[in-house]
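Residue numbers (UniProt numbering): 1 to 78. Below: one structure, written as structure tokens.
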Amino acid sequence: MGYDKKKNNLRKLRTERGLTQQQLADKIGMSRVQVADMERGHKSITTETAWELADYFMVSIDYLLGRAEYKEISYGKN
């Protein structure tokens with residue numbers, strides 16, 4: 001099972017927060033073009049950026065990258 005960079009939830013998360021691409025870019029230290037490219041799947045989301053975005057939107061990396069249906073982070077029993 002591979003990562004399909006064209007199926008991420010970045011645009012959905014950004015628009016749910018009411019952010020423009022430029023506003024998100026400013027928050028994560030990227031250009032608007034880089035954000036647009038990640039949303040369209042023209043640029044892969046790096047591991048470091050995935051962590052930063054997942055933390056910012058409070059979702060799992062799996063959800064951010066389109067590998068999970070639900071936003072919530074679930075923790076197993078210890």
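Don't be surprised by glycine CBs; every beta carbon is placed ideally from N, CA and C.
Just to confirm, are residue i and residue j a CB contact at a threshold of 8 Å?
i     : j     : result
Leu64 : Leu19 : no
Ile45 : Asn8  : yes
Leu24 : Val59 : no
Thr15 : Ile28 : no
Work out the CA separation of residue j and residue i for me, nearest whole Å.
i     : j     : result
Gln21 : Tyr70 : 23 Å
Gly41 : Arg32 : 14 Å
Ala68 : Trp51 : 15 Å
Tyr56 : Arg17 : 11 Å
Using a Cβ-Cβ cutoff of less than 6 Å, which residues in the same chain neighbour residue i once the five nearest sequence positions on both sides are dropped?
i     : result
Lys43 : Asp37
Val35 : Gln21, Leu24, Ala25
Reducing DSSP to helix, strand and coil, say where residue i ends up.
i     : result
Lys27 : helix
Ile45 : coil
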